[in-house]
Amino acid sequence: MEQQLRKMNYRDALNEGLREALQKDERVFLMGEDVGRYGGCFAVSKGLLDEFGPERIRDTPLSESAFTGAGIGAALGGMRPIVEIMTVNFSLLALDQIMNNAATYLHMSGGLFNVPLVIRMATGGGKQLAAQHSHSLEGWYAHIPGIKVLCPATLEDARGMLWSALLDPDPVLIFEPAVLYPMEGELSADAGPVAIDQAKLLREGKDLTLISYGSCLHKCLEAASILAEEGIETDVIDLRTLRPLDDESFLASVAKTHRALIVDEGWRSGSLAAEVSARIMEQAFYQLDAPVERICTAEVPMPYAKHMEEAALPQVSSIVATARRMIDG
Amino acid sequence: MEQQLRKMNYRDALNEGLREALQKDERVFLMGEDVGRYGGCFAVSKGLLDEFGPERIRDTPLSESAFTGAGIGAALGGMRPIVEIMTVNFSLLALDQIMNNAATYLHMSGGLFNVPLVIRMATGGGKQLAAQHSHSLEGWYAHIPGIKVLCPATLEDARGMLWSALLDPDPVLIFEPAVLYPMEGELSADAGPVAIDQAKLLREGKDLTLISYGSCLHKCLEAASILAEEGIETDVIDLRTLRPLDDESFLASVAKTHRALIVDEGWRSGSLAAEVSARIMEQAFYQLDAPVERICTAEVPMPYAKHMEEAALPQVSSIVATARRMIDG
Amino acid sequence: MTTMTSKPGQALVNREQSLHFLRQMLRIRRFEEKSAELYSAMKIRGFLHLYIGEEAVAVGVTEALGSDDAVVATYREHGHAMSRGMSMAAIMAEMYGKIDGCCRGRGGSMHLFDVEHRLYGGNAIVAGGLPVAVGLALADQMQNKKSVTCCCFGEGAMAEGEFHEAMNLAALWQLPVLFVCENNFYAMGTALQLSESVVDLTSKAAAYAVPTATVDGMDVIAVAEAAEKASDTVRETGGPFFLECRTYRFRPHSMFDPGLYRSRQEVEGWKQRCPIISLIRRLKDKGWIDDPGLERLEGEIATEIDSAVDFAEQSEWESVEDLTRFVYSDAGAN
Amino acid sequence: MTTMTSKPGQALVNREQSLHFLRQMLRIRRFEEKSAELYSAMKIRGFLHLYIGEEAVAVGVTEALGSDDAVVATYREHGHAMSRGMSMAAIMAEMYGKIDGCCRGRGGSMHLFDVEHRLYGGNAIVAGGLPVAVGLALADQMQNKKSVTCCCFGEGAMAEGEFHEAMNLAALWQLPVLFVCENNFYAMGTALQLSESVVDLTSKAAAYAVPTATVDGMDVIAVAEAAEKASDTVRETGGPFFLECRTYRFRPHSMFDPGLYRSRQEVEGWKQRCPIISLIRRLKDKGWIDDPGLERLEGEIATEIDSAVDFAEQSEWESVEDLTRFVYSDAGAN
Ligand SMILES: Cc1ncc(C[n+]2csc(CCOP(=O)(O)OP(=O)(O)O)c2C)c(N)n1
Ligand SMILES: Cc1ncc(C[n+]2csc(CCOP(=O)(O)OP(=O)(O)O)c2C)c(N)n1
Ligand SMILES: [Mg+2]
Ligand SMILES: [Mg+2]
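Chains as they are written, first to last, in our numbering: chain U, 596 to 924; chain P, 596 to 924; chain Z, 3 to 336; chain B, 3 to 336.
Structural data, given as structure tokens:
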């Protein structure tokens, strides 16, 4: 029997994932600013208050540190909280709780107390929200031991990563690129949990490895189509999980293509792309035919003006141009 | 006439730098928890309250976000504040102010408002202070555009970087590795401001480039001496300024040695070392005789027990062993 | 600790000033109505937070400030920028993302800045401006300047730790900050009683021994008088003051708000108390304005807005080459 | 909003309980004196914060808690760990950094944890434990458990934003948290009046409509009674309570404190009110203990300490191979 496909967008897929988690496990609840009555600042949690009530869909006061810390405590106390922080820039207010508590409890206690907490937040630019709402800090968060960091780029992952994250005994951060919310696509009727320890090869080619995640993944896929018309065949890898990284995925690809380009919406210096580059350096140096390159966001607080924001962000044209140059030498 | 050398430790050198700044410019003041009556949690500001009074040596309540933000405001208002945050783990509570305000004001305002603020804090492990007091996040901070990040490893820099940072029109973060406070050394009587845009070659050799900063620099220097006895000659570079990085320094060295090892107290994934490795990949790939390697801190929240902490931190022995392996192939 | 409560229905101050208030409020109202239109036309993008309904607060408070005083505001700051004296053209061009915008188009609606009028943002992190305001006041105090720093924020900000830390520091060090809480009873979709265990907001400031007052934020004259008294207190004592202005936003939180969290009835009820309509009514009663006068005023404002839009339309885009400027100061600055 | 103030010089409850309090306080005192010695001998390292002088607080408060209740404490938590029932051996071995320590030597003095006694740290970020305590209480409430979460912190923590955010959330959602402020009047070298614009700490909790009480933290019986009432209130109302215990640390903040910020005289004055000496005096007056009995008690405690030290000495070091364990849970956990 053929699998039924349903049209929906990335936001709907997230909403379905939330609904399913709330239905399956009564320890699960959602807490954050405006997740209930407002329906979520990006409408991700729309309808959930009506279905699950204010005990499980909890609007919080504006106090990122307290409600994130309360998520940690609730997780320690036997619940399975999902904390929503509106956008990654605001999560800085909760970073003490995330790094000093969520990420360290298990270790400081010598293994006694794990923290089964999921924190979701929107990330990234592309919506002209300027310098206090647009940064892509998921790669930066991936520096912190003790947490796992996911970034769903597809409807399937938007739908499925949440439940897998809730099954994880340790804190998991899920970053949702805000530009993807309206992205349309199809999802099979029985879509469910997905692995959260593996990257995924989304397109195969022999000439070059494109490594990306999140919103830039789609730019890579677009670039790959353009390049294919010119006869340049690329592997395109969606990292999916930014911590811990699935090294095997890109090492296997580089062993085949001998060339890699990493595309990352984070700022360049100290980016996740730098980490991937360094790992290729360490583990596949002798297989490289050319230096690994990176395309990242310009190192500026995000400007408001559209043309400036576009200039700051990685774009298909620069991916194509860089790939061409890397192949032509 | 020969320059007079004075014996002192790293802490004294910092204290002298502070005293000089307070004497030279009356817009300068120091603000932070226990900088006054207590004399500084690591005794760096000892004696300053008596000399400059409570207007300029301001003990603050425990409220990292407010007094860091107040530093930003005071800088905007014409003062030259020095904010002390006790240790880097606590700075997470002030990260909203640092990233969303200090680092962005100039840009968001289209160049209208710069923030001449200096923030000092202790960083790093080695004192058995465990998982909430021991992390090395300076390399992580170096990801943020709009701020500059310094890490003095020598008495000269401890003495001289502060004034240079105060002359800078933009926010500068100075990270002081806590293990270095008691480090003894000599300083010339007329030691003064130092450049804060250049790395420094501290030892010359032809076989390998050791790149480091902060407390690990001293481990590199020790390793270099041991290696020299075995006939392995190393360049040792002190990065000094972690943002913006002085690429020329290590590229010039790698052009000579063709091999580089980066030693960094940060956690490995997403470390500053990864960034340096990626830059060498991009700019000096064809000059490399072997892959660039990294020695970083193990990716664990810092354990308390001494042997475990030592196992987590980069050590001279592993630097020596890795260097040997890199040379012998 | 002083607590003052304004009486409703204050007498009008004088003709000239009342008309000035009206003009300022109308300028803000019409400018923002135009902005909403331009948002739909996709000329303005990003987040656009309208101040419609709350104009009396910025206009009344500004009245109490001198040119040496500083202002720190939020993402909902068109009103503050305009009442402080910034030109519509510079603000409109900013929202267009053009180089002649007050911040060259780098900031947009949420980040208006101005040196001349000492407007230090336009801060889009809720409560993020409060510590900065405290620092500005500290700088003034240390330099023996007699300025006041006026810090505006919503009631939602008062649940954030930064509010409390800032309030304590200002009180402890007795810094000249005029804290102005624009209590519009909602933080996005979260009603005050779902955000605070105690909804009497002045009690929170009073807990720091900061003197407080509450005023009807729909009455510009009352706001002006309360702000005057408040800023006088700040100037006299050198210490902080907390002024709560009770107001209401007639529009959605931003352009993306489904508006499910409050009833139409409630919104309509507040609209009856529109600060502009009620001022006009009182001015007419006094005979200080009539319909032709009002029409003239509207005409002048329409012209001002048209030329601001023209200015924005005609302004250039900043060169992409300059993208990485203003991350650090240009060489030579300090 | 209730405010209770304990009367000084409470009657002793009964012989057995009073002697239990004495034993518990003495165990903490002697254990910490030994710890200080072992610190100088470099057996214990890192930061060591002694609770000496403050023992009545942890001992009295613990009395009000049942085994299902949870405790969140600070870096100054030996007293809480011991009064909750953790063995000296597990704590001492932890401070030695040995594998038989309660946290395998990963945590050290500042990070004591225990599953059986529901001790959730040992948190070394000032105020960092408060939101966690709120969450524990939320979990209990959502699961219809009747437990109380007791959260201890110093008065210095009350200037942090996290205190205010946590207090508001607990009050708004009516969560069963017993907030215990151990007011020893100093945060490191910063006296309360240099940290807070209003030094009446209960007023801060009252601003969230949280009921409060203040008690003499040098009187273990008074603390026990106040804590009993407080926790009863929490159990009855299901909501939070704020208990201020006024106490004093006789020792430096940690082992690195030059102690310049307070006078010898002030310290001596407080030492006169030592909670242990004064309880002994009262017990002797009652005839419930005599010198031989006291000697016997001291002897038993000395033996307990000696064997804890022996245990710590003999315990192994954790294998360095296991360094990266406990960053994530071992496979299969959830
Ligand atoms: C720290 C932070 N959290 C969340 C947001 C998202 N947000 C923007 S405005 C707003 C509501 C603020 O309400 P209030 O302070 O009452 O101001 P108002 O919008 O009503 O003027 C929220 C939650 C933000 N900008 N910053
Ligand atoms: C967020 C944070 N800032 C600073 C410190 C350093 N520090 C440790 S204890 C302390 C004093 C805390 O005083 P108080 O809360 O009164 O507790 P007490 O030590 O008196 O028991 C300080 C400043 C810290 N651990 N965490
Ligand atoms: Mg509001
Ligand atoms: Mg204290």
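For every residue, glycine included, the Cβ atom is placed at its ideal position computed from N, Cα and C. Keep in mind that this is a model prediction, so the values were computed, not measured.
Comparing C-alpha distances from B/A310 to each of B/V73, B/V236 and B/K100 shows the shortest one belongs to B/K100.
A Cβ of chain P is located within less than 8 angstroms of the beta carbon of U/S872. Within the stretch 277-302 of chain Z, no beta strand (DSSP E) run of at least 3 residues lies entirely inside it. In terms of beta-carbon proximity, U/H738 lines the interface with chain P, with at least one pair separated by less than 8 angstroms.
The closest heavy atom of ligand 2 lies 7 angstroms or more from the beta carbon of P/H730. Any heavy atom of ligand 4 counts here; residues with a Cβ closer than 7 angstroms to one of them, in chain order, are B/G156, B/E157, B/G158, B/E184, B/N185, B/N186, B/F187, B/Y188 and B/A189.
Z/F252 sits close to Z/G55, with the two beta carbons spaced by under 8 angstroms.
Listed along the chain, the chain P residues whose CB falls inside 8 angstroms of the CB of Z/M144 are F624, E650, A669 and M674. DSSP places U/G924 outside both helix and strand once states are collapsed to three, so it counts as coil. With contacts defined as CB atoms closer than 8 angstroms, Z/G48 and Z/G110 qualify as a contacting pair.
For P/N684, no beta strand (DSSP E) encloses it; the enclosing alpha helix (DSSP H) starts and ends at V683 to S686. Just so you know, the alpha carbons of P/E650 and Z/W175 end up roughly 10 angstroms apart. Checking the 7 angstroms criterion, the Cβ of P/E733 is out of range of every heavy atom belonging to ligand 2.
Sequence-distant partners of U/A868 (beyond 5 residues in either direction) whose C-beta falls short of 6 angstroms from its own C-beta, in its chain, are I857, D859, R889 and C891. Close CB contacts of P/A900 within its chain, under the 8 angstroms cut and outside five residues either way in sequence, are with Q723 (chain order). Secondary structure note for U/S807: its beta strand (DSSP E) is the uninterrupted segment L803 to S807.
One thing to note: Z/A83 has its Cβ no nearer than 8 angstroms to the Cβ of Z/G219. In the DSSP secondary-structure assignment, P/M603 is bridged to P/G780.
DSSP places Z/R86 in the helix class (H, G or I) of the three-state scheme. Residue pairing by DSSP leaves B/F23 without any beta bridge partner. When rounded, the separation of the alpha-carbon atoms in B/Y41 and B/Y250 is 22 angstroms. Taking all protein chains in view, the Cβ of Z/E39 is surrounded by fewer than 16 other Cβ atoms within 10 Å, so the residue is classified as exposed. Residue burial annotation: U/G612 is buried, with at least 16 other C-beta atoms found within 10 angstroms of its C-beta.
For P/V895, the chain B residues whose C-beta falls within less than 7 angstroms of its own C-beta are L325, T326 and V329, listed in chain order. With the rule of 3 Cβ pairs closer than 8 angstroms, the stretch 127-144 of chain Z counts as touching the stretch 695-714 of chain P.
From the listed residues U/K619, U/A638 and U/A616, the smallest Cα separation to U/Y605 is found for U/A638. For the C-beta of Z/Y122, the chain P residues within less than 7 angstroms are, from N- to C-terminus, L671 and F708.
The three-state reading of DSSP puts U/C636 in coil, since its state is none of H, G, I, E or B. Separation of the CB atoms of Z/V182 and Z/L132 is rounded to 11 angstroms, and the pair is thereby denied contact status at 8 angstroms.
Listed in chain order, the non-local C-beta contacts of P/A786 below 7 angstroms within the same chain comprise E751, R754 and G755, local neighbours out to five positions each way being set aside. Counting other Cβ atoms within 10 Å of its Cβ, P/G648 stays below 16 and is therefore classed as exposed. Following the DSSP letters along the chain, one finds U/F647 in no beta strand (DSSP E) but inside the alpha helix (DSSP H) bounded by residues L643 to F647.
A Cβ-Cβ contact shorter than 8 angstroms links U/G666 with U/P676. Taken through DSSP and simplified to helix, strand or coil, B/I223 comes out as helix. Pairing U/P896 with U/A726 gives a Cβ-Cβ distance under 8 angstroms. DSSP places B/N186 outside both helix and strand once states are collapsed to three, so it counts as coil.
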